[in-house]
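**Q** Structure in structure tokens, see below.
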Amino acid sequence: MLFSLRELVQWLGFATFEIFLHGLALLAFSVLLVLKVDGEASALSWWVVFVPFFAADGLSTYFTAIVSVRLFQDGEKRLAVL
Numbered sequence: 161m162l163f164s165l166r167e168l169v170q171w172l173g174f175a176t177f178e179i180f181l182h183g184l185a186l187l188a189f190s191v192l193l194v195l196k197v198d199g200e201a202s203a204l205s206w207w208v209v210f211v212p213f214f215a216a217d218g219l220s221t222y223f224t225a226i227v228s229v230r231l232f233q234d235g236e237k238r239l240a241v242l
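Number 232 in the numbering used here belongs to position 72 of the sequence shown; there are no gaps in the numbering.
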């Protein structure tokens, strides 16, 4: 592997869970895209093909909001804003 997990977390600023979440979204998107382009599932709209990315972004935003609220409640206001 080119980068270790620690390096990816540090450079991207994502948590390990978020990297896993976006990786799964990319996998699901890739499968849906291949099915759509090959004509196997031509009834799928492009919105359905991109739903994994939308869902991953929503879950990532929810996860970040929860972490920020918990940091703010613990008195670490500076970290919660970052």
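C-beta atoms are modelled at their ideal positions from N, C-alpha and C, and glycine is treated no differently.
Give the straight-line distance between the Cα atoms of glutamate 198 and leucine 192, rounded to the nearest whole angstrom.
**A** Note that residue 198 corresponds to aspartate in the displayed sequence, not to glutamate. One C-alpha to the other measures close to 10 Å.
**Q** What would DSSP say about phenylalanine 210, mapped onto helix, strand or coil?
**A** Here phenylalanine 210 sits in helix by DSSP.
**Q** Classify glycine 199 as helix, strand or coil using the three-state DSSP reduction.
**A** Coil.
**Q** At what residues does the alpha helix (DSSP H) containing glutamate 236 begin and finish?
**A** Element bounds for glutamate 236: n/a, residue is neither H nor E.
**Q** If you reduce the DSSP assignment to three classes, tell me which class phenylalanine 163 lands in.
**A** Reduced to three states, the DSSP call for phenylalanine 163 is coil.
**Q** If you compare alpha carbons, which of Phe163, Phe177, Ser164, Glu167 is closest to phenylalanine 223?
**A** Cα-wise, what sits closest to phenylalanine 223 is Phe177.
**Q** Going by beta-carbon coordinates alone, are phenylalanine 189 and proline 212 separated by less than 7 Å?
**A** Taking 7 Å as the Cβ cut-off, phenylalanine 189 and proline 212 qualify as a contacting pair.
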